[in-house]
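Novice:
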Amino acid sequence: MTQKSSGVRDASLSELFEILSHEYRRQILWGLAHPDACADATIRTARFTEFDGEPDVLQLALSHNHFPKLDDHGLVDWDPEAETLTRGPRFGEIEPFLTLMNDNRDEIPQNWP
């Protein structure tokens, strides 16, 4: 993430696209951004094992790659012991982009990464 001249931290565009480059991370962030999810909502991580694929392999990928990456960037607060996710302190930086993508989902090609 980069430092803006105003002193406000903001995601660089390259980093933003890197974070959103994987379907699992997009689904996790959309789950937290969904209108039914309030800012302090806690989501059980098991919810995300419903993606296509083998649940055990998927759980390993989520817990060893995707949850830590989102947590390291401050976009989620991941509690591996409680198996929960909440919006991280920097979630607000990515939320407008998620809203933009959601509002224009019919314009995005289906096979787009």
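The numbering of the sequence shown is full-length UniProt numbering, which starts it at 1 and goes up by one.
For every residue, glycine included, the Cβ atom is placed at its ideal position computed from N, Cα and C.
Exposed or buried, what is Val57 when buried is set at 16 or more other beta-carbons lying within 10 Å of its beta-carbon?
Specialist: By the 10 Å Cβ count, Val57 comes out exposed.
Novice: If you draw a straight line from the C-alpha of Phe17 to the C-alpha of Glu93, how long is it?
Specialist: Their Cα atoms are separated by approximately 13 angstroms.
Novice: What are the boundary residues of the beta strand (DSSP E) that Leu62 is part of?
Specialist: Here Leu62 belongs to no beta strand (DSSP E), and DSSP marks it neither H nor E.
Novice: DSSP three-state call for Ser5: helix, strand or coil?
Specialist: Because the pLDDT of Ser5 is 38, which lies under 50, any placement of that residue in the model is unreliable, and the number read from its coordinates should be weighed accordingly. Ser5 falls in the coil class under three-state DSSP.
Novice: Rounded to whole angstroms, what's the CA-CA distance from Glu83 to Trp30? Just pull it up for me.
Specialist: Using only the alpha carbons, I get a separation of about 18 angstroms.
Novice: Within the same chain, show all residues whose beta-carbon is closer than 6 angstroms to that of Phe91, passing over the 5 residues directly before and after it, in chain order.
Specialist: Counting only Cβ-Cβ distances below 6 angstroms, and skipping sequence neighbours, we find Leu75.
Novice: Cα separation between Pro89 and Met101?
Specialist: Each residue's Cα considered, the two are about 21 angstroms apart.
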